[in-house]
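Undergrad:
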Amino acid sequence: MRILFFIVCLGFVLAANAQRNIDVLHYRFEINLNDTTDTISGRATILVNFLEETDRLAFDFTSVSNGKGMVVFSVMEKSDDNKMFTNSHAKNKLTINLPQRKKSGDTSTFFIRYKGIPADGLIISKNQYGSRTFFGDNWPNRAHNWLPCVDDIADKATVEFIVTAPSHYQVISNGVQIEETNLPDNKKLTHYREDVPLPTKVMVIGAADFAVNNVGDVNCTPVSSWVFPENKKDGFYDYAIAKEILAFYMDYIGPYAYKKLANVQSKTRFGGMENAGAIFYSEYSVNGYRGEERLIAHEIVHQWFGNMATEKSFAHFWLSEGFATYLTHIYLESKYGMDSLKKRMQEDRDEILSFVKSSKRPVVDSTSNYMSLLNANSYQKGGWVLHMLRRQLGDSVFHKAIRQYYATYAGKNADTKDLQNIFELVSGKKLGKFFQQWLYTPENPRLDVTWKYNKTENNIAITVKQLQASDFELPLEILVQESAVTMPRRMIKTISKRTETFIYPVKSKPVRIEIDPMVSLLFEGTITEVK
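Each residue of the sequence shown is one higher than the one before, counting from 2 in this note's numbering.
1) Take Pro-223 and list the residues in its own chain whose beta-carbon comes closer than 7 Å to its own, dropping the five residues that flank it on each side.
2) Taking the beta carbon of Ala-17 as the centre, do at least 16 other beta carbons fall within 10 Å, making it buried, or is it exposed?
3) Is the distance from the Cβ of Tyr-259 to the Cβ of Ala-277 below 8 Å?
4) Cutting at 6 Å between CB atoms, please list the residues of its own chain near Lys-510, excluding the five before and the five after it.
5) Could you have a look at Pro-223 and say whether DSSP puts it in helix, strand or coil?
6) Apart from the five residues on each side of it in sequence, which residues of its chain come closer than 7 Å, Cβ to Cβ, to Ile-1?
7) Nearest by alpha-carbon distance to Ile-479: which of Lys-418, Phe-473 and Lys-494 is it?
8) Is it the case that the Cβ atoms of Val-1 and Asn-308 are separated by a distance below 8 Å?
9) Just tell me which of His-299, Gln-467, Thr-502 and His-145 has its CA closest to the CA of Pro-446.
10) Classify Arg-295 as helix, strand or coil using the three-state DSSP reduction.
11) Could you check if Val-302 is buried or exposed, using at least 16 other CB atoms within 10 Å of its CB as the buried criterion?
12) Please go through the same chain and pick out, in chain order, the residues whose beta-carbon is closer than 7 Å to the beta-carbon of Asp-349, but skip the five residues on each side of it.
13) Going by DSSP in three states, Asp-252 sits in which element: helix, strand or coil?
14) Within 10 angstroms of its Cβ, does Phe-7 collect 16 or more other Cβ (buried), or is it exposed?
15) Ser-314 to Met-339, Cα distance in whole Å?
16) Buried or exposed: Ile-179, going by 16 or more other Cβ atoms within 10 Å of its Cβ?
17) Do Asn-146 and Thr-63 have their C-beta atoms closer together than 8 Å?
18) Unbroken beta strand (DSSP E) runs of length 3 or more, entirely within the stretch 96–147: which are they?
19) Buried or exposed: which applies to Cys-150, given that a residue is buried once 16 or more other Cβ atoms fall within 10 Å of its Cβ?
20) Which residue comes first and which comes last in the beta strand (DSSP E) that contains Tyr-454?
21) How many whole angstroms separate the CB atoms of Gly-289 and Arg-3, which I take to be in contact at a CB cut-off of 8 Å?
22) Under 8 Å between the Cβ atoms of Thr-201 and Asp-121?
23) Between Val-364, Phe-435 and Val-213, which has its C-alpha nearest Pro-443's C-alpha?
24) Just checking my contact of Val-219 with Lys-244 at CB under 8 Å: how many whole Å lie between their CB atoms?
25) With distances taken Cα to Cα, identify the nearest neighbour of Trp-140 among Phe-318, Ala-208, Asn-183 and Ile-516.
26) Alpha carbons only, please: which of Leu-95, Phe-229, Val-73 and Thr-108 is nearest the one belonging to Ser-80?
27) What's the gap between the Cα of Leu-394 and the Cα of Arg-491?
28) What is the residue span of the alpha helix (DSSP H) that Ala-279 lies within?
29) At what residue ranges does the stretch 174–252 contain a whole run of the alpha helix (DSSP H), taking only runs of 4 or more?
30) For the alpha helix (DSSP H) containing Ser-497, name the first residue and the last one.
31) Is the stretch 54–68 close to the stretch 26–41, with three or more CB pairs under 8 Å?
32) Is it a yes or a no for the stretch 392–406 touching the stretch 351–363, going by three-plus beta-carbon pairs under 8 Å?
33) Cα separation between Asn-128 and Gly-106?
34) What does the alpha-carbon distance come out to for the pair Leu-15 and Asp-517?
35) What residues in its chain sit with their C-beta under 6 Å from that of Thr-464, if we drop five residues either side in the sequence?
36) Pull up the CB-CB distance for Ala-209 and Tyr-240, whole angstroms please, since I reckon it's below 8 Å.
Quick look at the structure:
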């Protein structure tokens, strides 16, 4: 996910988090949309596995407040008699009382009928051209505003959407379209099914008047563009670049998990949202000159990191956004060269150093205000952590570790310690200090670096002082050039003390001394000469 700017609404209502005594295996959502009101009706069929003995279960589901929310008409279990169950729907939780206790390992299918105006999650509005649209927009846990579910990224399930809507709409969703049928009264039924388990944050539908372009296949995966008809020419051109981006990541990371990649102009509140196999971009992402190549790459990376290999909790959100940020840079580096990477890393470093002036939180952040995680820690600093791992371990080891991490956790959930274990396994190095200082410490190195020339001894003394509160251990690259006609020399010194001085022999007073010339270290500071 890419945000439009780092100013977020903090007045955010979080899900009540349903009781976790179940594991949802499959959702089937039958959704009815119309052109006269914002009221939707739905029937959810939910297959669950019980994780413990119990006589009740609960789903996250928004109850009615201020005219919005969902009214539940009935709850039934698939059985011989199909009896309705008593339930309580309050404080955004649907609690179902079971007539007979379920044992650990039991599976059951439940049917829930409901109706209401979504308070959030499903955006029903008009696009910039005045046309009515419907777009799911579930991140971080807003799916429960229109879908009864376990709205937790740790609970993945397969999903079907069966959407009945006025026939002029085209419908896009996760997975493969398995049916499209015209119905009486100018209605149309569209059925999609995704057989790869997903977190609810990326289970969506989109219904609008679209122009659709089939861009082509990448390793038998069809790539398509869905844009508003008024944007047809520019949108088809802009979004078609997704084909080459997808091919790059298939090669760099590993196989693509989904049966299609649809790139969709939408009404998401974000710059882009990585819904599985059906990425939703801001309606303003179309410009006709491919100005959003970086955005498209970012969202495509998420198909691997965020959707398939998903963080265990939002405390480890950087495993989604840091990965998407840095692997976008890697794609752009492969296309535009090393200098472009250095420029982007400098820009990201500036963002981080600006952010920490107002926030003293670590990257691994246990806040319950998930929207506040849309910040430079999760995105740019997370990307910088990967950049420093690459620089310190080397391209080959880094690439192997990225592929191994994905292969290990595709379809699963991981945390920061899991990533550390993979990098240690692949590199053969202990990385506890590295991960602790960069991800769990709420600050960055601030270095005061000075140098002094000693003409008598023919050397320079370079002194490095750490000014931040915590002790960091870091490799600092120093470039020394003695004259305009000599090649610069580079040395890497490991800084581990509060103050360290290095003596470097020279033949004459250097004309140029730089620190971190390759933009390999996240820090604040400059180097100055002491006369």
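All residues carry an ideal CB built from backbone N, CA and C; glycine is no exception.
TA: Well, looking at it:
1) Asn-215 and Lys-261
2) Bear in mind that the predicted position of Ala-17 carries a pLDDT of just 43, short of 50, making it unreliable; the figure below should be weighed with that in mind. So Ala-17 counts as buried.
3) yes
4) Tyr-454
5) strand
6) The first residue shown for the chain is 2 and the last is 532, placing residue 1 beyond what the model contains.
7) Lys-494
8) As shown, the chain starts at 2 and ends at 532. That puts residue 1 outside it, with no answer to give.
9) Gln-467
10) helix
11) buried
12) Answer for Asp-349: Gln-381, Gly-384 and Trp-385, listed in chain order.
13) Three-state result, Asp-252: helix.
14) Confidence in Phe-7 is poor, its pLDDT being 38 and thus under 50, which makes the residue's placement too unreliable to answer from.
15) 34 Å
16) exposed
17) yes
18) If we require 3 residues or more, the beta strand (DSSP E) runs fully inside the stretch 96–147 come out as 108–118, 123–127 and 133–137.
19) Cys-150 is buried by the Cβ-count criterion.
20) 447–455
21) Not quite, the Cβ-Cβ distance comes to about 19 Å (not below 8 Å), so this is no contact.
22) no
23) Val-364
24) 6 Å
25) Phe-318
26) Thr-108
27) Cα-Cα distance, rounded: 18 Å.
28) Per DSSP, Ala-279 belongs to no alpha helix (DSSP H); it is in the beta strand (DSSP E), 279–283.
29) Within the stretch 174–252, the complete alpha helix (DSSP H) runs of at least 4 residues are 233–240.
30) In this chain, Ser-497 is not harboured by any alpha helix (DSSP H), its DSSP state being neither H nor E.
31) no
32) Too few Cβ pairs lie closer than 8 Å, so no.
33) 46 Å
34) Because the pLDDT of Leu-15 is 46, which lies under 50, any placement of that residue in the model is unreliable, and the number read from its coordinates should be weighed accordingly. Going from the Cα of Leu-15 to the Cα of Asp-517 covers about 42 Å.
35) Cβ contact annotation for Thr-464 (same chain, cutoff 6 Å, sequence separation greater than five): Thr-451 and Thr-502, in chain order.
36) About 15 Å; that fails the 8 Å criterion.
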